[in-house]
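Everything on this sheet refers to the single structure shown next.
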Amino acid sequence: MHLIVDGIAQNRELLASVAALARWLMELVLSIDMRPIGVPYVVEYPGSEGVGPGYEPGLSGCLFLAESSITVHTWPEKGLVTLDIYSCKEFDSKEVLGKVVEDFDLRDYGYSYFKRPLDMGWRVLGHGEKG
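For the sequence shown, this note's numbering assigns the number 1144 to the initial residue and increments by one for each residue that follows.
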């Protein structure tokens, strides 16, 4: 399962605070009954002046899960957030989307939700049948 959310956020603390975003990542994972591997890793990117769009200052965070991973990127100066949850385990995408909208106080957003096209089961990549 895969949920991708892009939004314009009003919660400046989650957009700009390393500690707040790390706490939020862990709370989200536990609220959807997934198992974190380690602790959230959140870094502050100072930006690269003159490089162009997408290189503005912000935060990037990741939490690896037994089920896969969650990544989030923020741009506080622009009020933007992007979130990507990829999981082998089913989760309630509407519940997660609602939490993201509420917690980041999104005033506008778009999202995509889909199931992965291939159920990998226990097969190993690179092995398959040619037809």
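Note that CB positions come from ideal geometry on N, CA and C, so glycine has one too.
This structure is a prediction, so every number in the text was calculated from the model and none was measured.
From the DSSP output, in three-state form, read off Val1186 for me. strand
Reduced DSSP secondary structure (H/G/I, E/B, other) of Ala1162: helix
Length of the line joining the Cα atoms of His1216 and Ile1175: 20 Å
Can you check which of these residues, Leu1164, Gly1201, Glu1170, is closest to Val1239 by C-alpha distance? Glu1170
Please return the same chain residues whose Cβ sits closer than 7 Å to the Cβ of Asp1255, not counting the five positions on each side in sequence. Residue 1255 is actually Ser in this sequence, not Asp. Excluding sequence neighbours, Ser1255 sits near Ile1147.
Considering just the uninterrupted stretch of the alpha helix (DSSP H) at Ser1236, what are its terminal residues? 1236-1247
Nearest candidate by alpha-carbon position, reference Phe1234, set Glu1199, Ala1162, Arg1166, Ile1213: Ile1213
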